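*Asks:* Below is the structure I would like to discuss, written out as structure tokens.
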Amino acid sequence: MKSFLIIGMGHFGHHLCRSLAETDCEIMIVDQNEEALEDMLPYVVSAKIGDCTNIEVLKTFDIPSFDTCFVCIGENFQNSLEITSQLKECGAKKVISKADRDIQEKFLLRNGADEVIYPEKNMAERYAVTESSEHIFNFISLGSDYSIYEIDVLDRWVGKTVKELNFRVKYNLAVLATKKDGEVKPVISGDRRFEKDEHLLVLGKEEDVHKVTK
């Protein structure tokens, strides 16, 4: 069972805590404000009130025991930066910190963050991609220019197989799965025929996806 530490129980911290609680894991939450913790108590195994900019406070949490430590402080970036750095000093295995601006993302990565969550930027990118095309419904960025995109089956593909379309060579995209009526089925054979009104989950670069969907 994985264990997580969430520092900062603002809006993002609350959403993160609820989502993690749906998995089989243990969660500890920390905030300076007791009221910010109260409604999360049913979801966690431990809740602490404390100033995590104080490294002595962090040391009492047995930081190395957590699989991932999340720093979700939004109001005071200096505090977020200090906590991120000090978590690493305390032996954190993995630190994921929240940023609100590009410059914050850079500083957090330089000061110990293994990953940076940038909610506003991520949502803006997602809507820019999905709303700019009638054929792209969702996408998950994997970094290094590659993402997984949910696209619809074009009329010219209906009834044809992955092999017949020579999908990977012709479009430079890998078909991972199909989705219809909310059900996802992995594509494990090149003989799978595409059906009308279903979506494809494909792995590739944005430029190649746009070439196909235009």
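For the sequence shown, the positions run 1 to 214 when our numbering is used.
Every residue, glycine too, gets a C-beta built ideally from N, C-alpha and C.
Since we're looking at a predicted model, the values are computed, not measured.
#1: On the three-state DSSP scale, how would you describe His135?
#2: Relative to the C-alpha of Asp24, which residue among His14, Met1, His11 is closest?
#3: Can you tell which of Ile83, Arg18, Lys211, Leu20 has the C-alpha that lies nearest to the C-alpha of Lys98?
#4: With DSSP as the reference, label Tyr146 as helix, strand or coil.
#5: With distances taken from CA atoms, which of Met40, Ile7, His210 is nearest Glu131?
#6: Quick one: complete beta strand (DSSP E) runs, 3+ long, within the stretch 166–211?
#7: Expressed to the nearest angstrom, what Euclidean distance is found between the alpha-carbon atoms of Leu203 and Glu195?
#8: For His15, which of Leu37, Asp181, Asn33 has the nearest alpha-carbon?
#9: Rounded to a whole number of angstroms, what is the C-alpha to C-alpha distance between Lys205 and Glu198?
#10: Would Leu87 and Cys72 qualify as a contact pair, given that the criterion is a beta-carbon distance under 7 Å?
#11: Quick check on Lys94: does DSSP put it in helix, strand or coil?
#12: How do the stretch 26–37 and the stretch 2–12 stand: do at least 3 beta-carbon pairs fall below 8 Å, yes or no?
#13: Considering only residues of the stretch 36–92, which uninterrupted beta strand (DSSP E) runs meet the minimum length of 3 residues and lie entirely inside it, listed in chain order?
#14: Compute the beta-carbon to beta-carbon distance between Val251 and Leu201, rounded to the nearest angstrom, for a pair I have assumed lies under 8 Å.
#15: Return the chain-ordered list of same chain residues with a C-beta closer than 6 Å to the C-beta of Ser46, the five sequence neighbours on each side being excluded.
#16: Quick one: grab the DSSP three-state call for Leu154.
#17: Opposite Ser141 in the DSSP bridges: which residues?
#18: State yes or no: is the C-beta of Ser85 within less than 7 Å of the C-beta of Asn111?
#19: Give me the Cα-Cα distance between Ile140 and Pro42, rounded to the nearest whole angstrom.
#20: Could you spell out where the alpha helix (DSSP H) holding Lys2 opens and where it closes?
#21: Thinking just about the alpha-carbon of each residue, which of Asp62, Asn172, Ile55 is nearest to the one in Phe4?
#22: Is Asp114 helix, strand or coil when you go by DSSP?
*Replies:* With the structure as the only source:
#1: Three-state DSSP puts His135 in coil, outside helix and strand.
#2: Met1
#3: Ile83
#4: In the structure shown, Tyr146 sits in a strand (DSSP, three-state: E or B).
#5: His210
#6: 174–180, 183–186, 199–205
#7: 19 Å
#8: Leu37
#9: 21 Å
#10: no
#11: Correct three-state label for Lys94: coil.
#12: Output reads yes: the stretch 2–12 touches the stretch 26–37.
#13: 46–49, 68–71
#14: Lying outside 1 to 214, the shown extent of the chain, residue 251 is not represented and no answer is given.
#15: Met28
#16: It is coil, neither helix nor strand.
#17: Ser147
#18: yes
#19: 30 Å
#20: Premise fails: Lys2 lies in the beta strand (DSSP E), 2–7, not in any alpha helix (DSSP H).
#21: Asp62
#22: coil
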